[in-house]
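What follows is a single structure, written as structure tokens, with notes after it.
Printed below as a string of structure tokens:
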């Protein structure tokens, strides 16, 4: 045996021994249950029967410790599925958490009640698996797990975090590049117990990082519509969904995909590529009319802000088709891509067309039908992409109607959609109160105020002004107890501070109305 051959053999044996040692360590950690669990659900023992409860730290490997996203509710289901039960798992991110509204107002909670009404002889479990800020890379492992729990349907509303969530091209969290094969390989490494133990050791040895404020401001990397990363993100989104659909098909589980919605009409893009404008704002240009905006677009065709102002120009003149097109371009060209671009919904339509066991719930179409001039805005979206509570009701109703039309649900019996009730009744059932609405509206004002604009646009001041007026309208309707609680939590002081971000010409009037409201009680 030559010296070179001997050296190669020794290197190979060393590699095998190293891999064996790693594998042995991993096996021991599993055997003695050492290290953080990556499972979405953990087996627990109820008083009557074993059940699976959601793991509040299931997403630990996707975020730095100071930004770890915990599950805000206690989703659980029996380990032994009853014969007459229809079990549905809903996968997604902050929309499923209900943000910025209470978690119990998220659409899965409406959906469970609507299905019980539409199919009165069936028992439904709609298990909400939503975790803030995750994307379809994160859903790959979670989907594989929940498919082992005897689901009758897998429901997915996901796509807004593909750029900014873990492994995305602009993410502030875990990033390994845009190559999906490399990302998946490293994700498997991250899911090992050994990785979790080593991660915990490092965290204990190194100084604990300061607790950071989680929010949109963390995302600082830009992406343009012509960048390779833009295209690669869309391709990864498609392939991740295809992988989930294929895994579900192997187990004969149908999948429902929902199209995505975001605020077109009332949310100004966060970042724009407008090199020709200098210090001149797009709002200043808008005052000069359509021709001026189009002239500037000839110089800066990818300026999201200019497309947005053009959309507002058309919308104010009820030129709905032109307004819709301009608003869509504004969203798709936003260089901080928190809102899923148009071609993501095209991907969802294509996947539903290509696969027999994929049901499409066209939430976007339903929202457009329910919106003035058919353009989605703040009537149904709270800020940039999260639906209002009525919007969640509309998502759930659209899903029930899609299921009733599809063969996949025929074995549940015939749906009776006439049994579905109005929004107000379901809102009461999920426990949505006026006090919650007023409290969360203050939180929404704060979120809008903290939007990471380089220069706050006029639209932001208009939104905050409208929200303050809604507070002035609704606060007198609170019970005396709820009013006292609101005031004790600093609600009045907060609204007075937010007058700084109202439209300047309306601040004096708002100040007088706040004085009248709080000094008369």
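Numbering (my numbering), first residue to last: 92 to 612. By construction, the Cβ of each residue, glycine as well, lies at the ideal position given by its N, Cα and C atoms. If you're wondering where the values come from, they're calculated on a predicted model, not measured in any experiment.
Rounded C-alpha distance that separates residue i from residue j
i           : j           : result
residue 590 : residue 558 : 11 Å
residue 563 : residue 404 : 29 Å
residue 227 : residue 330 : 9 Å
residue 555 : residue 398 : 22 Å
residue 488 : residue 203 : 10 Å
residue 533 : residue 512 : 29 Å
residue 35  : residue 480 : Residue 35 lies beyond the residue range present for the chain, which begins at 92 and ends at 612; the question has no answer from this structure.
residue 186 : residue 537 : 18 Å
residue 172 : residue 143 : 11 Å
residue 260 : residue 423 : 15 Å
residue 561 : residue 279 : 48 Å
residue 415 : residue 409 : 11 Å
residue 109 : residue 267 : Unreliable positioning characterises residue 109 in this predicted model, as indicated by a pLDDT of 44, which lies under 50. The coordinate reading is nonetheless provided below. Their Cα atoms are separated by approximately 24 Å.
residue 401 : residue 420 : 10 Å
residue 526 : residue 568 : 9 Å
residue 309 : residue 213 : 45 Å
residue 335 : residue 347 : 11 Å
residue 341 : residue 360 : 41 Å
residue 514 : residue 386 : 46 Å
residue 451 : residue 345 : 11 Å
residue 540 : residue 496 : 43 Å
residue 406 : residue 231 : 40 Å
residue 578 : residue 535 : 17 Å
residue 506 : residue 192 : 30 Å
residue 379 : residue 396 : 15 Å
residue 442 : residue 333 : 8 Å
residue 543 : residue 499 : 44 Å
residue 184 : residue 205 : 22 Å
residue 388 : residue 382 : 10 Å
residue 586 : residue 553 : 15 Å
residue 162 : residue 426 : 29 Å
residue 437 : residue 516 : 34 Å
residue 159 : residue 240 : 26 Å
residue 549 : residue 358 : 10 Å
residue 234 : residue 339 : 8 Å
residue 453 : residue 179 : 18 Å
Cβ separation of residue i and residue j, assumed to be a contact under 8 Å, to the nearest whole Å
i           : j           : result
residue 249 : residue 219 : Actually they do not touch by this definition, with Cβ atoms about 13 Å apart.
residue 38  : residue 458 : Since the displayed the chain opens at 92 and closes at 612, residue 38 lies outside it and no answer follows.
residue 475 : residue 353 : 6 Å
residue 471 : residue 482 : 4 Å
residue 466 : residue 411 : 7 Å
residue 350 : residue 439 : 5 Å
residue 83  : residue 253 : Past the boundaries of the shown model lies residue 83; the chain is included only from 92 to 612, so the question cannot be answered.
residue 428 : residue 255 : 7 Å
Buried versus exposed, by CB contacts within 10 Å (16 or more), residue i
i           : result
residue 251 : buried
residue 603 : exposed
residue 460 : exposed
residue 607 : exposed
residue 432 : buried
residue 571 : exposed
residue 370 : Residue placement at residue 370 is flagged as unreliable, the pLDDT there being 49, under the threshold of 50; the coordinate-derived value follows with that caveat. By the 10 Å Cβ count, residue 370 comes out exposed.
residue 509 : exposed
residue 473 : buried
residue 599 : exposed
residue 317 : exposed
residue 272 : exposed
Residues of its chain near residue i, where Cβ-Cβ distance is below 7 Å and the 5 sequence neighbours each way are ignored
i           : result
residue 130 : 146, 149 and 236
residue 47  : Past the boundaries of the shown model lies residue 47; the chain is included only from 92 to 612, so the question cannot be answered.
residue 153 : 225, 229, 257, 264 and 265
residue 545 : none
residue 175 : 213 and 214
residue 503 : 177, 210 and 213
residue 462 : 468, 470 and 471
residue 573 : 526
residue 208 : 510, 511 and 512
residue 326 : none
Cβ-based neighbour list, residue i, same chain, cut-off 8 Å, excluding 5 preceding and 5 following
i           : result
residue 195 : 164, 189, 521, 522 and 523
residue 601 : 556, 559, 560, 563, 590 and 593
residue 170 : 134, 140, 141, 142 and 143
Own chain residues within Cβ distance below 6 Å of residue i, not counting five before or after
i           : result
residue 565 : 529
residue 583 : 609
residue 274 : 258 and 267
residue 166 : 145, 218 and 219
residue 281 : 152
residue 363 : 394, 395 and 396
residue 276 : none
residue 247 : 182 and 348
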